[in-house]
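Chains as they are written, first to last, in our numbering: chain R, 1 to 433; chain X, 1001 to 1164.
Down below is the structure, laid out as structure tokens.
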Amino acid sequence: MTIAPERRATRTWPIVGPPIYEGSRIPANIPTILEVPRELANLDDILPVNFGPNHPSTHGVLRLVVDLDGERVVGLRAVIGYLHTGFEKNMEQKTWWKAITYPPRMDYLAFQLNELAFVLAIEKLLALEVPEKATWMRQLMSELSRIHSHLIWLGTAALEIGAISLLFYCFRDRDAVLDLFELVGGQRMHTRYFQAGGLAEDIPDGFYPEARTFCEYMPKAIDEYEALLTRNPIWLERTQGIGLLSADDAIALGQSGPVLRASGVDWDLRRDEPYLAYDQVDFRVPVYENGDVYDRYRVRVDEMRESVRIVEQCLNRLDRMNGKPWIADDRKVVLPPREELHTSMESLIHHFKIVTEGYRVPEGEVYVCVESARGEFGCYVVSDGGPKPWRVKFRAPSFVALEATATCMHEALVADLIAIVGSLDTVMGEVDR
Amino acid sequence: MSADELEQYLGITTLMRAVAWAQTKSMWPDQFGLSCCAMEMIAIVGPRYDIARFGMEAFRASPRQADLLIVSGRVAHKMAAPLRQIYDQMLEPKWVIAMGACASSGGMFNNYTVLQGVDKIVPVDVYVPFCPPRPEALMEGIIRLHEAVQAGIPPAYERRAVAT
Chain R
1 MTIAPERRAT RTWPIVGPPI YEGSRIPANI PTILEVPREL ANLDDILPVN FGPNHPSTHG
61 VLRLVVDLDG ERVVGLRAVI GYLHTGFEKN MEQKTWWKAI TYPPRMDYLA FQLNELAFVL
121 AIEKLLALEV PEKATWMRQL MSELSRIHSH LIWLGTAALE IGAISLLFYC FRDRDAVLDL
181 FELVGGQRMH TRYFQAGGLA EDIPDGFYPE ARTFCEYMPK AIDEYEALLT RNPIWLERTQ
241 GIGLLSADDA IALGQSGPVL RASGVDWDLR RDEPYLAYDQ VDFRVPVYEN GDVYDRYRVR
301 VDEMRESVRI VEQCLNRLDR MNGKPWIADD RKVVLPPREE LHTSMESLIH HFKIVTEGYR
361 VPEGEVYVCV ESARGEFGCY VVSDGGPKPW RVKFRAPSFV ALEATATCMH EALVADLIAI
421 VGSLDTVMGE VDR
Chain X
1001 MSADELEQYL GITTLMRAVA WAQTKSMWPD QFGLSCCAME MIAIVGPRYD IARFGMEAFR
1061 ASPRQADLLI VSGRVAHKMA APLRQIYDQM LEPKWVIAMG ACASSGGMFN NYTVLQGVDK
1121 IVPVDVYVPF CPPRPEALME GIIRLHEAVQ AGIPPAYERR AVAT
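Take a look at the structure:
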């Protein structure tokens, strides 16, 4: 079985609003490098500054080598690899169901979404039907993950620009999201709740009222953030008109997610190439036209509101599914129920086989993408028919977003550098993998 | 009456004890986030866990102002040299917490790039297990470290060298 990735090169992109700037600002053939202009290159005034890998505002261990002319950024090189963990290689050494544990640790802010992409890829190769309840619960968890990711982004990005109190607000509400994860999966982060075929466990009884309380509370919390930032003159001064990225440049650089939508491209995989049950829920895709740091902030805040709406709709559906199965009934792939192990010899054998040897996945290759909190998170998997993946490759949206850094740095000052790098929302775990 | 009780009633103490008490009440951590665990490390500053109760909310961006290095996450070989450099820049006395499975032992990443335990390059005082540890677990590690300091146990670099 071969499923070729769909080609999107010929697509016409829905662009909103007037062009942000004329022409292209991509500085070089290698878009991550901003060369010092020739007329400045021989001056003694150019000051190379090393920024990172341990710097409080690099969102992890990013290292930038910046050339400064006074306060102006004239040259930029990104050095990555400080968090290279060898995920893809390591996953080849693990059986399919053990490998599910790895993707969440890449993008540790939107962990459920990474897990989802890999699990969907396995299911596509196995041609496995997933019960409706599992699909809706997955969708709910993905949206909670998106809220979690945007909360941490907002807290840390605002902290870097000087709004310290936002960090405390956002981490207060992040704990509320993590409480829901803990209720369901037993752990705050990296729950590994998604299983090939459905969910690892049924949804616990207390989850629905807790989640409803959260849905009532969260929009008010978002109002609080907006009251602090959206019309705050200092915030506007630091973010508006900074880090411009036009729609054409964003597309040329392969951007996706909030960065793309802030540049006026109306593109969201959840709506345009629906997976899970996104075609059955009602939500708006926020798009802004100015392509600056401020608009990226607006897109993310609006997305949090929409995510809360999706969570509510998922809860309405799940309410009616009490007692329905949460995992596919395929004993070759899915672990048998715990209680059967004591009574059924066959179940015990299946359990033993899956745990020790793992299940086999038919030969083939597959590309699955989901709309992660940072954009298109793709998972390309090749199976040779054995119990372990033959090759796993991830398309990390953070890595692509990082490539836009040099383009956004047009006439930027060194203080803007922090705001711009923050606004692209790169997670180094995902960049380096 | 034991020596401890006498100290308590009369309000006398030794200089070493007074210093150890002061060290535990303002042990400033270095702001050094690596990966997943860094999120839980930031969470202890947040309102629910509130590390300010221990006088530790001042995360220092410069290692020269920090007393405690929390290695929060997996250390790639490429990161090992900067990590050791940060540790060397810290002034003595200094302590190290290896937070999470990856920093303690390499965790689930037994491969070509991840350092199999940060104790190979810096002497570690406290190991906090799990992946990632809950903020409560990290705070338990911090309290254990405080207890050790108050009991007069010297920092790890005085007791053992790093594994080679």
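A virtual CB, placed ideally from N, CA and C, is assigned to each residue, including glycine.
Which listed residue (R/Q187, R/P389, R/Y208, R/I222) has its alpha carbon closest to that of R/V301:
Comparing Cα-Cα distances from R/V301 to each of R/Q187, R/P389, R/Y208, R/I222, the minimum goes to R/I222.
List the residues that DSSP assigns as beta-bridge partners of R/Q195.
R/G198
Excluding the 5 residues preceding and the 5 following R/G254 in the sequence, name in chain order all residues of the same chain whose CB lies nearer than 6 Å to its CB.
V400
Using only CA atoms, which one of R/T213, R/A200, R/F168 lies nearest to R/D179?
R/T213
With a threshold of 7 Å between beta-carbons, can R/F118 be considered close to chain X, or not?
no
Classify R/I15 as helix, strand or coil using the three-state DSSP reduction.
strand
Using DSSP with H/G/I as helix, E/B as strand and the rest coil, what is R/D69?
strand
Have a look at R/R374 and R/V16 and give me their C-alpha separation to the nearest angstrom.
20 Å
So what does DSSP say about R/A127, is it helix, strand or coil?
coil
Taking the C-alpha atoms as reference points, what is the distance between R/L166 and R/Y225?
7 Å
Since X/S1138 meets chain R, which of its residues come closer than 9 Å, beta carbon to beta carbon?
At residue 1138 of chain X the sequence reads Leu, which differs from the Ser that was named. Under the 9 Å cutoff, chain R gives no residues; its nearest Cβ is about 12 Å from X/L1138.
Which of the three DSSP states is assigned to R/E357 in this structure?
coil
Name the DSSP beta bridge partners of R/K393, please?
Under DSSP, R/K393 takes part in a beta bridge, and its partners are R/Y380.
Between R/D294 and R/P209, what straight-line distance do the alpha-carbon atoms span, to the nearest angstrom?
In the sequence as displayed, the identity of residue 294 of chain R is Tyr instead of Asp. Answer to the nearest angstrom: the Cα atoms are 35 Å apart.
What does the Cβ neighbour count give for X/K1025, buried or exposed, with the cut at 16 atoms within 10 Å?
exposed
Just the chain X side, please: which residues come within less than 9 Å of R/R77 by C-beta, in chain order?
Ordered by position in chain X, no residue passes the 9 Å Cβ test against R/R77, which lies about 16 Å from the chain.
What residues match up with R/D441 in a beta bridge as DSSP calls it?
Given that chain R is displayed from residue 1 to residue 433, the structure contains no residue 441 of chain R and the question cannot be resolved.
Pull up the distance between the alpha-carbon of R/M1 and that of R/L125, whole angstroms please.
Residue confidence is low: R/M1 scores 44 on pLDDT, short of 50, so the model does not pin down where it sits. Its coordinate-derived value is still stated next. Cα to Cα, the separation comes out at about 8 Å.
Buried or exposed: where does R/S256 fall if 16 or more other Cβ atoms within 10 Å of its Cβ makes it buried?
Its Cβ being crowded by 16 or more others within 10 Å, R/S256 is buried.
Provide the residue span of the alpha helix (DSSP H) that contains R/P233, from first to last.
233-239 is the extent of the alpha helix (DSSP H) around R/P233.
Secondary structure, alpha helix (DSSP H): runs of 4+ residues fully inside the stretch 1068-1142 of chain X
1077-1089, 1100-1105
Can you round the beta-carbon distance between R/E430 and R/S398 to whole angstroms, since I take them to be within the 8 Å contact cut?
4 Å
How about the stretch 129-138 of chain R and the stretch 323-334 of chain R: do they share at least three Cβ pairs that are nearer than 8 Å?
Verdict: yes, contact present.
CB of X/P1132 within 7 Å of CB of X/E1007, strictly
no
Report the rounded CA-to-CA distance for R/Y367 versus R/P274, giving the unit in angstroms.
15 Å
Could you work out which residues of chain X lie near R/I152, taking near to mean beta carbons separated by less than 7 Å?
M1039
When burial is assigned at 16 or more other CB atoms within 10 Å of the CB, is R/G186 buried or exposed?
exposed
Can you round the beta-carbon distance between R/A436 and R/L229 to whole angstroms, since I take them to be within the 8 Å contact cut?
Any property of residue 436 of chain R remains undetermined from this structure, which presents chain R solely from 1 to 433.
Can you give me, in chain order, the residues of the stretch 49-75 of chain R that have a beta carbon less than 7 Å from any beta carbon in chain B?
Structure shown: chain B not included; protein chains present are R and X.
Is the shortest distance between the beta-carbon of R/L413 and the beta-carbons of chain X less than 7 Å?
The C-beta of R/L413 comes no closer than 7 Å to any C-beta of chain X.
Between which two residues does the beta strand (DSSP E) containing R/L34 stretch?
Here R/L34 belongs to no beta strand (DSSP E), and DSSP marks it neither H nor E.
Assuming R/L47 and R/L68 are in contact, meaning their beta carbons sit under 8 Å apart, how far apart are those beta carbons, in whole angstroms?
5 Å
Do R/H350 and R/P336 have their beta-carbon atoms positioned less than 7 Å apart in this structure?
yes
If contact means a Cβ-Cβ distance below 8 Å, which residues of the stretch 171-196 of chain R contact chain X?
F171, R172, R174, D175, R188, M189, H190
Bridge-paired residues (DSSP) for R/P209
Beta-bridge pairing links R/P209 to no other residue.
Integer-rounded CB distance, given that X/V1075 should sit under 8 Å from X/L1069
The pair is not a contact, with the Cβ atoms about 12 Å apart (cut-off 8 Å).
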